[in-house]
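Read left to right, the sequence shown gives residues 0 to 391 (numbering that gives the first Met the number 0). Using N, Cα and C, we set each Cβ at its ideal position, and we do this for glycine too. Computed from a predicted structure; not experimentally measured. Below is one structure; the comments refer to it alone.
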Amino acid sequence: MDKTNTDNKQAVHSVDRVNLYDFGYEKSGEVKGDPAIFSTYLQRIADGNLVEEDYKGFSDEEKKDRKEKLKELEQKRDETLKQNETIQKEIDEKEKKIDTYRQQLLNIHEGREQEHEKLKKETFSPFKFSLNLIILAALSVYLFFFYISAAYKALYTDFEAIAANIAEGIGTGSIMPGAYELAEALQYNYLLLLVPFVFYAFGWAFHVLLEMEHKLKYLFIGLLIAVTFVVDFLLAMIIHNNTETAKDLMGLDTVPLSQSPTFYIILFLGFLVYIIWSILLDSLLREWDKKQVTYNLKRIVKHLKEDVKRLQAKLYPIEEIDKYIAYYREDINTVFVGNLKKYIDQFASGWLSYLAPANMKDVKNQCMHAKKDFEDKHQIKTGTVKVISKKK
């Protein structure tokens, strides 16, 4: 019995490389073919603790190398998990923002749908925007030429030329210059090109003042309109005076300012068109702002989605690292048993050879039944090569 206990301990704690046939014969003789002891040796073979002399598995050096690689992979896995956790947290925050902005868009659309007046006032109209833009562009061109001509006729007057035109029956000329007249005006001073932009600035200021949240904004708007009217009034008055002076030089009758159609035409062609231009500019920008409300929300959602995709691309697939960790752990903790059927047959042949005498027939039959039961239990068939993994 002491020998049996020794063998059992040996089966657990050591790997013996032997000639299985000779080893089986020897051990069978020591225990007189005891079937119970025979079964323990079969288990040792199945566990990888008893193998043939030519057996090859992982060497200690190879296992050491795998342990070092396993340590590196586990460290990398921990770092990756922390990095992925940080990235996932950022992704979750951005996805929450996306849901918030989407809800805002939904609330806007639902609110407009329920209140038709609100829908009309707050929904961007491509038709209104396009119409405003076309008219505003045309009036901008008109005001550009108008104020260059008005400034030229007011500030750079050729009385002799006006008198000659009157004598020839041409009149004082149109307030809207032709191409040659525009070139002539710019010959005097090319800075006349900047005069229209002064009035464009007045129009822009009109819009800015309307957008202000100030209790005196309407006072400021009134002052702005008054200043613009005064400037237009002075331009019209100077042009009228220059024309009447030229008439007086020729001895023709002059017309007082209050009775001059030219004065009122110049005044209202400039001032009224400027007011209309300012209103259209304000309307155009407000229409554009309607579009920007939902457009900006959609653009924010789009950028957030792109950020989420970019962050998701940074997530490292931890499964890949886990797979290699499992491989190395398996290599470290695995015993390659080899051809189990062949090993068991070799050992059993040696064991049963000792039991060849007739007086050992009963023990031999018991051992043969024990071998068959063992092979059936572990599904060991001819050609079976098995690897047994011993987890820590």
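{"Item": "Reference Lys-345, options Arg-16, Asp-21, Asp-15, closest by Cα", "Value": "The question names Lys, yet the displayed sequence has Gln at residue 345. For Gln-345, the nearest C-alpha among the options comes from Asp-21."}
{"Item": "Nearest-angstrom beta carbon gap, Lys-93 and Val-307 [assumed within contact, 8 Å]", "Value": "5 Å"}
{"Item": "Start and end residues, beta strand (DSSP E) containing Leu-191", "Value": "No beta strand (DSSP E) holds Leu-191; DSSP gives it neither H nor E."}
{"Item": "Residues sharing a beta bridge with Leu-49, DSSP", "Value": "Asp-15"}
{"Item": "Under the three-state DSSP convention, the category Asp-372 falls into", "Value": "helix"}
{"Item": "Buried/exposed call for Gly-202, threshold 16 Cβ in 10 Å", "Value": "buried"}
{"Item": "Straight-line gap, Leu-80 to Ile-317 (C-alpha atoms, nearest Å)", "Value": "7 Å"}
{"Item": "Contact between the region 184-194 and the region 269-277 (3+ Cβ pairs under 8 Å)", "Value": "no"}
{"Item": "Residue of Asn-358, Asn-338, Ala-357 minimising C-alpha distance to Gln-378", "Value": "Asn-338"}
{"Item": "Contact check, Pro-195 vs Leu-142, beta carbons under 7 Å", "Value": "yes"}
{"Item": "Distance CB(Phe-219)-CB(Phe-270) smaller than 7 Å", "Value": "no"}
{"Item": "Boundaries of the alpha helix (DSSP H) in which Asn-358 is found, first to last residue", "Value": "Asn-358 -> no alpha helix (DSSP H), and no H or E assigned at all."}
{"Item": "Own chain residues within Cβ distance below 7 Å of Ala-149, not counting five before or after", "Value": "Ile-174, Leu-234, Ile-238, Ile-265, Gly-269"}
{"Item": "With 16 other Cβ atoms within 10 Å as the buried cut-off, status of Asp-1", "Value": "In this prediction, Asp-1 has a pLDDT of 43, which is less than 50 and means its spatial position is unreliable; nothing more can be read from the coordinates."}
{"Item": "Leu-284 vs His-206 beta-carbon contact at 7 Å", "Value": "yes"}
{"Item": "Selected residue, minimal CA-CA separation from Asp-281, among Met-211, Tyr-151, Ala-325, Thr-39", "Value": "Met-211"}
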